[in-house]
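Numbering (this note's numbering), first residue to last: 19 to 685.
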């Protein structure tokens, strides 16, 4: 199977919470965010397992090979060999190694061998390579994740990779030499990338690669426990110093190469950040060494295939303790015998370019994306890392490459959220006002229909009553005891006529005949016709330059009359009524302001309600302001009121603010 097509890791979308932790910890940037979900790009993935290890939601799933292993173990046609990685003491530290081997045999493995012997052989081959080619610089190629990273992102450095197979593949070749080639081999270790290495080439001889966590699942499925097995030792050949190969710097000790800091011929780098930086500096020529060891994890003891959560140095101590204990009992003569048996095997390998590099965008393209995220200036680049990328520039480049989304930027999302909240608040206020106006309009409309019916039915009888009451009043002399009653009838009948007239005006608010009007001039004419008492000062003031507004003259005259009359009634002891007009090219604002007693706060919500009035009985119909409200709404305008009744808070009085379009169709 082509390793580029083997999906080692995938995202469980239902569990992914888009925290971008996997993006942040992926050295290959092989995770794309699409529609808010993390998606592993198979072709770019190097199988390091960092995303699996750091995902607290368990949203990353590794390809499961337990079924393949069970199939191999269940067959009677061939023997199955377990190739155990040197890091196993870090996982099974609470089980004696012989008991552990017994558990593997109980599971069905015919042979159980240590990959540490393969590490011994490969270590010696690297020593020979190091000594034979002092003019060359090599990168140790045992870590499949590092090899994959170089093949994909630094393909020109494949010529620097040590042309030797990994200890796992070396051990596969050794097993074929020692026990015959009619075997099925299962590698057991801590590494996800080993699954890709085992399946990428049939010549590796590895039929299946499982992690320690998968091995524990097999133990559980087959009910294999330390208590129900017979302890046993590993099958030969046994490992030597290769047992520390899984540790950082363990390669040099296995190969017998001294790390001389003064000479600076060798270097070691481990961990997702360090190995990437080491490759970058090696490529730039800053790391001038003859042999570079690199591990994607902090040693194989920190691989993603572990179930144990013990800290790094605890694991390191367990591997060291096991290696030291086994070294003391190692039969050196037998070990050398097996080294001689396999000395003529071919351990060479070649590497392929698997270029996954994406062309970087131009600086203009990057800045365009930055501007789209609201980063106009250098100080806007916070480089907070919340998106999973080290800098805002790197994030912008990833967006251009199709690996990321703008929505991954936390400051950008916060700004958008703030704007959205503000817009929603504004929209909510507008909706509330519209709903309030709609309810008011519906109430006015229904009452208008009622008013029209009442006016029609009542107006004629009232005319008859008023006519005959006046005739009787004219015929009666002052001595007549019924004169006062007749005057009362005439007065109240005239009041009823005024109410009916108001009802008709209220009911007829359905059409607007607009025409250009000099509004201040109209105000002055209407106010002069009202015969306002001398003790009340009036003022009409134009602030803007254009006094003309398109309105229905008759309806607007009624508005002026209603508001001016209310202001006069609110100032029985005198005061000032001022009308000011201001505006823009598209709208005008007219304010009627008086210095009267003001409107109590408890009445403010009811002033536009039909038939509500604070005037004395017989003085008001309660229709003036509702009619005014309806006229302004018919002109597509707004009317608001401000009032103060408390002298301690400032001058008392009321101000009605009217805003209407200057012409039809304007907003």
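Ideal Cβ placement from N, Cα and C applies to all residues, glycine included. Keep in mind the model is a prediction, meaning the values are calculated, not measured.
Reducing DSSP to helix, strand and coil, say where residue 603 ends up.
Stepping through the chain shown from its first residue, residue 603 is reached at position 585. Assignment of residue 603 by DSSP, reduced to helix, strand and coil, places it in the coil class.
When you compare the CB positions of residue 268 and residue 188, do they come within less than 8 Å of one another, or not?
Counting from one through the chain shown, the residue named residue 268 turns up at place 250. Counting from one through the chain shown, the residue named residue 188 turns up at place 170. No.
From residue 20 to residue 370, what distance separates their C-alpha atoms?
Position 2 of the chain shown, counted from the first residue, corresponds to residue 20. Position 352 of the chain shown, counted from the first residue, corresponds to residue 370. Low local confidence applies: a pLDDT of 48 at residue 20 is under 50, so the model's placement there is unreliable, and no value is given.
Put residue 22 into one of helix, strand or coil per three-state DSSP.
As a working note, residue 22 is residue 4 in the chain shown. Model confidence at residue 22 stands at a pLDDT of 45, short of 50, so the residue's coordinates are unreliable and nothing is read from them.
Taking only the alpha-carbon atoms, compute the straight-line gap between residue 595 and residue 676 and give it to the nearest angstrom.
Position 577 of the chain shown holds residue 595. Position 658 of the chain shown holds residue 676. Looking at the two C-alpha atoms, the distance is approximately 16 Å.
Would you mind working out which of 323, 33 and 61 sits nearest residue 25, comparing C-alpha positions?
Here residue 25 refers to the residue found at position 7 when the chain shown is read from its first residue. Measuring from the Cα of residue 25, the nearest candidate turns out to be 61.
Helix, strand or coil: which one does DSSP assign to residue 34?
Counting from one through the chain shown, the residue named residue 34 turns up at place 16. In the three-state reduction of the DSSP assignment, residue 34 falls in the coil class.
Report buried or exposed for residue 686, applying the criterion of at least 16 other Cβ atoms within 10 angstroms of its Cβ.
Only positions 19 to 685 of the chain appear in this structure, which leaves residue 686 out of reach.
With a CB to CB cut of under 8 Å and the five nearest residues on each side skipped, what residues in its chain are close to residue 22?
Mapped onto the chain shown, residue 22 falls at position 4. Its pLDDT being 45, under 50, residue 22 is placed unreliably by the model, and the measurement read from it follows with that caveat. For residue 22, same chain residues with a beta-carbon under 8 Å away, outside a window of 5 residues either side, are 60, 61 and 372 in chain order.
Whole-angstrom distance between residue 490 and residue 646, CA atom to CA atom
In the chain shown, residue 646 corresponds to position 628, counting from 1. In the chain shown, residue 490 corresponds to position 472, counting from 1. Whole-angstrom Cα-Cα distance: 38 Å.
List the endpoints of the continuous alpha helix (DSSP H) containing residue 660.
If you number the chain shown from 1, residue 660 lands on position 642. Run containing residue 660: none in the alpha helix (DSSP H); it sits in the beta strand (DSSP E), 656-662.
Whole angstroms is fine: what's the gap from residue 452's alpha carbon to residue 579's?
Reading the chain shown from its first residue, position 434 is the one you call residue 452. Reading the chain shown from its first residue, position 561 is the one you call residue 579. A direct Cα-to-Cα measurement between residue 452 and residue 579 gives close to 27 Å.
Counting only beta-carbon atoms, is residue 74 nearer than 8 Å to chain B?
Of the protein chains in this structure there is only one, and it is not chain B.
Pairwise C-alpha distance: residue 423 and residue 682:
Translated into the one-based positions of the chain shown, residue 682 becomes position 664. Translated into the one-based positions of the chain shown, residue 423 becomes position 405. The C-alpha of residue 682 lies about 46 Å from the C-alpha of residue 423.
Are residue 648 and residue 611 close, meaning C-beta to C-beta below 8 Å?
Translated into positions along the chain shown, residue 648 becomes position 630. Translated into positions along the chain shown, residue 611 becomes position 593. No. Outside cutoff.
Would residue 614 and residue 662 qualify as a contact pair, given that the criterion is a beta-carbon distance under 8 Å?
The residue given as residue 614 occupies position 596 in the chain shown. The residue given as residue 662 occupies position 644 in the chain shown. Not closer than 8 Å, so no.
Which runs of the beta strand (DSSP E) at least 3 residues long sit entirely within the stretch 122-197? Give them in chain order.
Entirely contained in the stretch 122-197, the beta strand (DSSP E) runs reaching 3 residues are, in chain order, 129-132.
Can you tell me where the alpha helix (DSSP H) holding residue 402 begins and where it ends?
Taking the first residue of the chain shown as 1, we reach residue 402 at position 384. No alpha helix (DSSP H) contains residue 402, which DSSP labels as neither H nor E.
When we look at the beta-carbon of residue 430 and count the other beta-carbons within 10 Å, is it buried (16 or more) or exposed?
Taking the chain shown and counting its residues from 1, the one referred to as residue 430 is at position 412. So residue 430 ends up on the buried side.
Measuring alpha carbon to alpha carbon, tell me which of 126, 360 and 243 ends up nearest residue 198.
Residue mapping note: residue 198 aligns to position 180 of the chain shown, counting from 1. Comparing Cα-Cα distances from residue 198 to each of 126, 360 and 243, the minimum goes to 360.
Can the beta-carbon of residue 133 be found closer than 8 Å to that of residue 103?
Position 115 of the chain shown, counted from the first residue, corresponds to residue 133. Position 85 of the chain shown, counted from the first residue, corresponds to residue 103. Yes.
What did DSSP end up calling residue 78 once you bin it into helix, strand or coil?
What you label residue 78 is simply residue 60 of the chain shown in a count that begins at 1. In the structure shown, residue 78 falls within a strand segment according to DSSP collapsed to helix, strand and coil.
Nearest-angstrom beta carbon gap, residue 114 and residue 249 [assumed within contact, 8 Å]
Locating residue 249 in the chain shown gives position 231, counting from the first residue. Locating residue 114 in the chain shown gives position 96, counting from the first residue. Rounded, the Cβ-Cβ distance is 7 Å, consistent with contact.
I need the DSSP call for residue 230, collapsed to helix, strand or coil.
Counted from its first residue, the chain shown places residue 230 at position 212. Helix at residue 230.
Mind reading off the beta-carbon distance from residue 210 to residue 289? Whole number of angstroms is fine, and I expect it under 8 Å.
By 1-based counting over the chain shown, the position of residue 210 is 192. By 1-based counting over the chain shown, the position of residue 289 is 271. That pair is no contact at about 16 Å.
Beta strand (DSSP E) segment containing residue 96, residue limits
Counting from 1 along the chain shown, the entry for residue 96 is found at position 78. Residue 96 -> no beta strand (DSSP E), and no H or E assigned at all.
Less than 7 Å between C-beta atoms, sequence neighbours within five positions excluded: which residues of the same chain meet that for residue 336?
Here residue 336 refers to the residue found at position 318 of the chain shown. Cβ neighbours of residue 336 within its own chain (closer than 7 Å, five residues either side excluded): 107, 108 and 111.
Classify residue 563 as buried or exposed, calling it buried when 16 or more other Cβ atoms lie within 10 Å of its own Cβ.
Within the chain shown, numbered from 1, the residue matching residue 563 stands at position 545. By the beta-carbon neighbour count (other beta carbons within 10 angstroms, threshold 16), residue 563 is exposed.
Beta-carbon spacing of residue 338, residue 262 below 8 Å:
Numbered from 1 along the chain shown, position 320 holds the residue referred to as residue 338. Numbered from 1 along the chain shown, position 244 holds the residue referred to as residue 262. Closer than 8 Å, so yes.
Judging by CA-CA distance, which residue of 176, 280, 285 and 281 is the nearest neighbour of residue 270?
Along the chain shown, read from residue 1 onward, the residue named residue 270 stands at position 252. With distances taken between Cα atoms, residue 270 lies closest to 285.
Rounded to the nearest angstrom, what separates residue 419 and residue 81 at their Cα positions?
Numbered from its first residue, the chain shown carries residue 419 at position 401. Numbered from its first residue, the chain shown carries residue 81 at position 63. So the two alpha carbons sit approximately 27 Å from each other.
Just checking my contact of residue 374 with residue 170 at CB under 8 Å: how many whole Å lie between their CB atoms?
The count along the chain shown starts at 1 and reaches residue 374 at position 356. The count along the chain shown starts at 1 and reaches residue 170 at position 152. Separation of the CB atoms of residue 374 and residue 170 is rounded to 4 Å, and the pair is thereby assigned contact status at 8 Å.
Does the Cβ of residue 212 have 16 or more other Cβ atoms within 10 Å, making it buried, or fewer, making it exposed?
Mapped onto the chain shown, residue 212 falls at position 194. If you draw a 10 Å sphere on the C-beta of residue 212, you find 16 or more other C-beta atoms in it, and that means buried.
On the criterion of 16 or more Cβ atoms from any shown chain inside 10 Å, does residue 239 qualify as buried, or is it exposed?
In the chain shown, the residue the question calls residue 239 occupies position 221. Per the 10 Å Cβ criterion, exposed.
Determine the direct distance from the alpha carbon of residue 557 to that of residue 568, and round the result to whole angstroms.
Here residue 568 refers to the residue found at position 550 when the chain shown is read from its first residue. Here residue 557 refers to the residue found at position 539 when the chain shown is read from its first residue. Between residue 568 and residue 557, the C-alpha separation is close to 22 Å.
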